[in-house]
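If you read the sequence shown in this note's numbering, its first letter stands for residue 592, the second for the next number, and so on. Glycine residues also receive a C-beta, built at the ideal position from the N, C-alpha and C atoms. Note that the coordinates shown come from a computational prediction; the quantities given were computed from them, not determined experimentally.
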Amino acid sequence: MTGLLLAAVVIVRDEAEMLPACLDSLAGVADVIRVHDTGSQDGTPEIAARHGAVVTHGAWTDDFAAARNEAVRGETAEWVLALDADHRVIADPGRLRELLATTRDVLRVEVDDAHHASPYRQFETRLYRPRAVQWSGRVHERLVRPDGTPPPKAKLPADVIQLHHLGHATHADRIRRAERNLALAQRTLDELAAQGPAADRRRIARTLLEIGRDCAAAEHKQQAVDTYETLRELFPQTPEWSQATDGLARILLANGYDKACLVLVEQLRLAGVLPAYCDWLAAQAITQLGDPHLAAEMLAGITDVIDTAGRRSDPSALHEVRTLVNRLRTLTPASG
592 MTGLLLAAVV IVRDEAEMLP ACLDSLAGVA DVIRVHDTGS QDGTPEIAAR HGAVVTHGAW
652 TDDFAAARNE AVRGETAEWV LALDADHRVI ADPGRLRELL ATTRDVLRVE VDDAHHASPY
712 RQFETRLYRP RAVQWSGRVH ERLVRPDGTP PPKAKLPADV IQLHHLGHAT HADRIRRAER
772 NLALAQRTLD ELAAQGPAAD RRRIARTLLE IGRDCAAAEH KQQAVDTYET LRELFPQTPE
832 WSQATDGLAR ILLANGYDKA CLVLVEQLRL AGVLPAYCDW LAAQAITQLG DPHLAAEMLA
892 GITDVIDTAG RRSDPSALHE VRTLVNRLRT LTPASG
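Next up, the structure:
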């Protein structure tokens with residue numbers, strides 16, 4: 592195939608339930624749809640073929656980057672939209688094709704992570720020119736140039752293209768996914784440790800952050816705390832330090848260690864984290880410490896909640912906390 596502008600590429604394994612709606616959402620968006628199967632036993636490849644997708648097969652090697660790179664091997668389209676089966680695409684095909692004339696090689700797309708207990712939106716690198724970059728990383732993979740450096744990126748407006756991420760439906764599924772990711776991230780850390788002083792310190796920091804998040808998602812709270820603390824000690828004054836401190840603060844908040852959470856919030860303030868986000872965390876801790884009046888004052892100026900990773904919380908989260916705080920205000924005498 593030649594002269595193609597956009598190929599949608601989905602890597603799958605046992606996604607018979609999720610895949611059809613993903614492929615349906617691509618109608619009119621991509622010139623070609625490729626589904627790369629890594630060992631399904633539930634008829635996923637046959638479903639993909641019935642939907643008109645080009646199906647390829649490859650062995651699963653415990654490496655997401657390897658699977659994504661194999662999936663686009665020989666691709667002739669100028670652009671690739673990288674997807675998973677639990678993504679749903681909402682796009683304006685005409686405007687998208689116009690904007691793909693950009694000089695950038697990598698574009699970020701807004702993703703609505705509706706499956707989280709606290710839904711949020713974030714921008715992810717999902718559109719790229721396959722001749723300019725490739726995937727790197729066993730898990731939590733990212734795009735890099737041939738020399739291993741990160742490419743410049745641009746954001747596409749959400750009214751041009753947006754992805755809805757459904758995620759895994761059950762708690763047990765989410766735990767299994769987190770355990771799988773944790774094992775892969777730990778292997779990456781072991782490989783980096785084996786390199787000794789020659790190891791890329793930024794990759795070590797990123798991998799520790801991923802391990803901390805995966806531990807939290809798998810409900811290994813103490814391991815998550817220990818990992819975040821290790822990162823904070825080894826990599827001060829880095830973006831990973833801020834995100835680890837944020838993750839640690841939220842674990843402390845969720846488990847009633849409100850004063851310790853407030854100490855971390857002040858560290859985030861000093862590090863230059865958005866004041867509104869610091870107020871958001873602090874207000875919740877202060878409420879749990881019994882002062883909803885002060886918490887209400889802190890929440891009053893917040894219009895948007897954006898965390899240290901750039902994830903924008905659904906507005907319902909702010910509304911729910913404000914509602915709870917205001918209810919508690921009516922039951923709690925004001926101090927002084």
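Check: Delimiting residues of the beta strand (DSSP E) encompassing L757; Outcome: L757 -> no beta strand (DSSP E), and no H or E assigned at all.
Check: W651 vs L596 beta-carbon contact at 8 Å; Outcome: no
Check: Through-space distance from D605 to G634, alpha-carbon basis; Outcome: 7 Å
Check: D703 vs H755 beta-carbon contact at 8 Å; Outcome: yes
Check: Limits of the alpha helix (DSSP H) - the one that W651 falls within; Outcome: Taken as a continuous stretch (DSSP letters only), W651 belongs to no alpha helix (DSSP H), as it is neither H nor E.
Check: Rounded separation between A668 and Y719 - CA only; Outcome: 10 Å
Check: Local conformation of I766 per DSSP, three classes; Outcome: helix
Check: Nearest-angstrom Cβ-Cβ length linking V912 and P883, presumed shorter than 8 Å; Outcome: 11 Å between Cβ atoms; not a contact.
Check: Span separating the alpha-carbon of R797 from that of L922; Outcome: 44 Å
Check: Proximity to M609 [Cα-Cα], best of V626, G594 and V620; Outcome: V626
Check: Complete runs of the alpha helix (DSSP H) confined to the region 665–706 [at least 4 residues]; Outcome: 684–690
Check: Close beta carbons around A749, own chain, < 7 Å, minus the five adjacent residues each side; Outcome: E701
Check: Every unbroken alpha helix (DSSP H) inside the region 867–919 [4 residues or more]; Outcome: 883–891
Check: Residues of its chain near L780, where Cβ-Cβ distance is below 8 Å and the 5 sequence neighbours each way are ignored; Outcome: I795, T798, L799 and I802
Check: Reduced DSSP category for A784 - H, G, I as helix; E, B as strand; rest coil; Outcome: helix
Check: Enclosing alpha helix (DSSP H) for V600 [first to last residue]; Outcome: Looking at the DSSP string, V600 is not in any alpha helix (DSSP H); the run it does join, the beta strand (DSSP E), is L597 to V603.
Check: Distance CB(L674)-CB(V601) smaller than 8 Å; Outcome: yes
Check: Nearest-angstrom Cα separation, counted from E824 out to L816; Outcome: Note that residue 816 is Val in the sequence shown, not Leu. Answer to the nearest angstrom: the Cα atoms are 12 Å apart.
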